[in-house]
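This report concerns only the one structure given below.
In the numbering used here, the protein residues as written are 3 to 153.
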C-alpha cells in the first residue's frame, strides 16, 4: 500500500515539474531548436563598426529570432509560454495588446543600466529581439519619445 502512495506522489511531482514556467534562457533555447526559425545575430564586432556610423546607445549585440509560417497551435503555445515566463533576473517592462498583436518587453537591470532587453512580438508569427549591452534608461526614453512623434 505504501508503494502505491509513493508511486502516486512521484508521478504528481514529475507532472508538476513539467508544468513549471520557463525562464528566459529556457524559452530562447527551446525556440532556437525550431526548424522554421530565422536567426540573425549582430555581435560585438559588428556593433562596434556600426557605432562608427550611428548611435548604438550602449547596445553591444543584437539577436533576432523569427518563427515564420508557424501553425496557430504553435503560436498559441508560445503566447502562453511568454505570458507564463518567470525569471528573477528579468522585469516586465511593457505589455501592449492590440487586435491580433501582442508585444511584451522584459529587461534585466544592473547598476542603473539595462544589461539585456528581450522584446516579444506575436501576430501571425513570432519574433524575438534580444538586445545586450549597457543601455541607459534615458536612451530608451529618447527612442520611445522619438517614435511617439512618428505616429
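We put the CB at the ideal spot given by N, CA and C, even for glycine.
Just so it is clear, the structure is predicted and the values come from calculations on it, not from any experiment.
Just measuring C-alpha positions, the residue of 127, 93, 118 sitting nearest residue 65 is 118. Counting along the chain, residue 100 sits inside the beta strand (DSSP E) bounded by residues 93-100.
Residues of the same chain with a CB within less than 6 Å of the CB of residue 57, apart from the 5 flanking positions on each side, do not exist.
Per DSSP, the continuous beta strand (DSSP E) segment holding residue 62 begins and ends at 61-69. Counted as a single uninterrupted DSSP element, the stretch harbouring residue 76 is not any beta strand (DSSP E) but the alpha helix (DSSP H) occupying residues 74-85. Secondary structure note for residue 118: it is in no alpha helix (DSSP H), and the uninterrupted beta strand (DSSP E) holding it is 115-124.
The bridge partners DSSP lists for residue 105 are 98, 123.
The residue among 146, 109, 79, 126 with its C-alpha nearest the C-alpha of residue 100 is 126.
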